[in-house]
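*Asks:*
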Amino acid sequence: MDKVIVTRKIPQKFIEQLEQSYEVYMWDEAYEPMPRDQFLESIKDATACFITLSEKIDDTVIDQAPNLKVIANMAVGFDNIDVSLAQSRGIVVTNTPKVLTETTAELGFTLMLTVARRIVEAEHYVQQGDWQSWAPYLLAGKDLFNSKVGIYGMGDIGKAFARRLKGFNTQVMYHNRTRNRHAEEKLGALYVPFDTLIEHSDFIICTAPLTEETRNKFDKPVFEKMKSDAIFINIGRGAVVDEKALIDALQNKEIAGCGLDVLRKEPIDMSHPLLKMDNVVILPHIGSASVTTRDRMVQLCVDNITRVLNNQPPKTPVQLDD
Ligand code: GLV
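Quick note: the sequence shown uses UniProt numbering, first residue 1, plus one each step.
#1: First and last residue of the beta strand (DSSP E) that includes Y174?
#2: For the 8 Å Cβ check, are there 3 or more pairs between the region 130–139 and the region 77–96?
#3: Whole-angstrom Cβ separation of F50 and F109, contact assumed at under 8 Å?
#4: Could you name each continuous alpha helix (DSSP H) segment of 4 residues or more that falls completely within the region 184–208, going from the start of the chain to the end?
#5: Any chance the CB of G287 is under 8 Å from a heavy atom of the ligand GLV?
#6: Is the number of C-beta pairs between the region 163–170 and the region 212–227 that are closer than 8 Å three or more?
#7: Output the distance between the C-alpha atoms of K159 and I205, rounded to the nearest integer angstrom.
#8: Based on the DSSP secondary-structure assignment, which residues constitute the bridge partners of Y25?
#9: Collect the residues with a C-beta less than 5 Å away from any heavy atom of the ligand GLV and give them in sequence order along the chain.
#10: Excluding five sequence neighbours on each side, which residues of the same chain lie with their C-beta closer than 7 Å to the C-beta of R120?
#11: Assign residue 350 to buried or exposed, taking buried as 16 or more other Cβ atoms, counted over all protein chains shown, within 10 Å of its Cβ.
#12: Kindly indicate the opening and closing residues of the alpha helix (DSSP H) around residue 325.
#13: Assign S288 to buried or exposed, taking buried as 16 or more other Cβ atoms, counted over all protein chains shown, within 10 Å of its Cβ.
#14: Go through the region 210–264 residue by residue and report every complete run of the alpha helix (DSSP H) that reaches 4 residues or more, in order.
#15: On the DSSP letters alone, give me the boundaries of the alpha helix (DSSP H) that K159 sits inside.
#16: Residues bridged to P317 by DSSP?
#17: Apart from the five residues just before and just after K220, which ones in its own chain have a Cβ nearer than 6 Å to its Cβ?
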């Protein structure tokens, strides 16, 4: 019987689907990843694995898993997986695009407005009993209305984000590896060179995946070029940002604030300087975290595993660009 490893606790209804045909080993802790040594041990005789971003799939894992046919990643991003190595060993890699697009764009939008209107600061202000009276500039923030918004990464999530901007009377610019005519025609987003995007945007939203091209894209010279009242939002991947450069930019007031749903090291160390800044909002990588969307992501992983183990093409295979 094929053996499926599930590295995170997922609802029983999904496990039952898999158990109809396979032996399933699920890690039972809801908020802690499966320890690496246990993962390496359990994958030895597995034919499929259902993993999350916490699992790094490298040569050690692949060498350990001679029977593995499919790796189903419960995420759209797949920078945790050495996809070319897996594919060179005949292992199919799948991800969860589309089903999480709207939920992730919604989170990005929430984060942008939260930073712009200083919502976290304001809530702390009330909780701490500091609210003494109304004051003309008390917690005055920044309007999204009438602003210029720059989207870096115009894939599905970038487009869903641009669509949400339509009601806010903003000017939308974007930069992407390739031009996206749909975004230009249907969403009124203007394609601009990267430098124009960062120099002219009031809000800069990064939705980009982590690739060799995007790694450390937001570095010191980039933050220096931004407007001093710009707000930077990252819902892509942490390593797209040089965090030291971001901290310097915030400390030197080269930008006004930032909101990050993704960090270079997750979870963040509690001593991280970004946690001490009032104009920074950090979220624990919850872009796609609505119950409906998480259910859809899990179901897609289960479907992909089932299809591959039945010698059918998966619904959402990862395909590397050349
Ligand atoms: C989350 O970050 C994902 O890639 O789905």
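Note that beta-carbon positions come from the ideal geometry of N, C-alpha and C, so glycine has one too.
Owing to the predicted nature of the structure, the values given are computational and were not obtained by experimental measurement.
*Replies:* According to the structure data:
#1: Q171 to H175
#2: no
#3: With 8 Å as the limit, F50 and F109 do not qualify as a contact, their Cβ atoms being about 30 Å apart.
#4: 194–200
#5: yes
#6: no
#7: 12 Å
#8: I5
#9: A75, V76 and G77
#10: In the sequence as displayed, the identity of residue 120 is Val instead of Arg. If we look at V120 and ignore the five residues flanking it on each side, its Cβ neighbours are T114 and V281.
#11: Residue 350 lies beyond the stretch modelled for the chain, which goes from 1 to 322, so this question has no answer here.
#12: The chain is shown only over 1 to 322; residue 325 falls outside these bounds and no answer can be derived.
#13: buried
#14: 220–225 and 243–251
#15: D156 to L165
#16: T94
#17: A245
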